[in-house]
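With the working numbering, you'll find the sequence shown wraps up at 175, consecutive numbering, no jumps.
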Amino acid sequence: MEKEPILILTHNGWGQALIKSVRMIVGEIKDVYEVPLQAEDSLADYIARVKEQIDQLQWSKNLLILTDIKGGTPSNVALRISKDYQVITISGLCASMLLEAVMKQEEGGFTRELAQEIQTAVVESCQVLELPQIQK
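1. Given a threshold of 16 other Cβ atoms within 10 Å of its Cβ, counted over all protein chains shown, does Glu139 qualify as buried or as exposed?
2. Who are the near neighbours of Gln95 in its chain, counting only those whose CB is closer than 7 Å to its CB and skipping five residues on each side?
3. What is the DSSP secondary structure of Pro75, reduced to helix, strand or coil?
4. Does the stretch 56 to 71 come within contact of the stretch 111 to 125, defined as at least 3 CB pairs closer than 8 Å?
5. Using a Cβ-Cβ cutoff of less than 7 Å, which residues in the same chain neighbour Ile68 once the five nearest sequence positions on both sides are dropped?
6. Ends of the beta strand (DSSP E) at Ser130?
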């Protein structure tokens, strides 16, 4: 089965570091693309670059877009382009989110239900870690 593409929209391109981190865990990653927002980008230029990347991709149900900050320009652009493309966007990008999304690339297309599973896995992975207290 073909891997579904994942598009990452971040500020200043830090998504590439996440891609490298996830590669350390799972090995080669295919069909994950990033369009970074640079400080010198105008909104129109960034939207055009995102649409240019999307137009080069093929997906079966919805294109999964992962963005860094809810309410930030990359997330707002993802919402704006959802008028023209079948996309599902999840904000709050982190390594566990990308890892979960990569592991779901072969499930026959991204759906709202798969996006919910990704979000749930990320929320569950975010914990305060403490050593257990030893009783004396």
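For each residue, glycine too, the CB sits at the ideal point set by N, CA and C.
Looking at the coordinates:
1. buried
2. none
3. strand
4. no
5. Ile58, Val61, Arg62 and Val141
6. Counting along the chain, the beta strand (DSSP E) containing Ser130 begins and ends at Val126 to Ser130.
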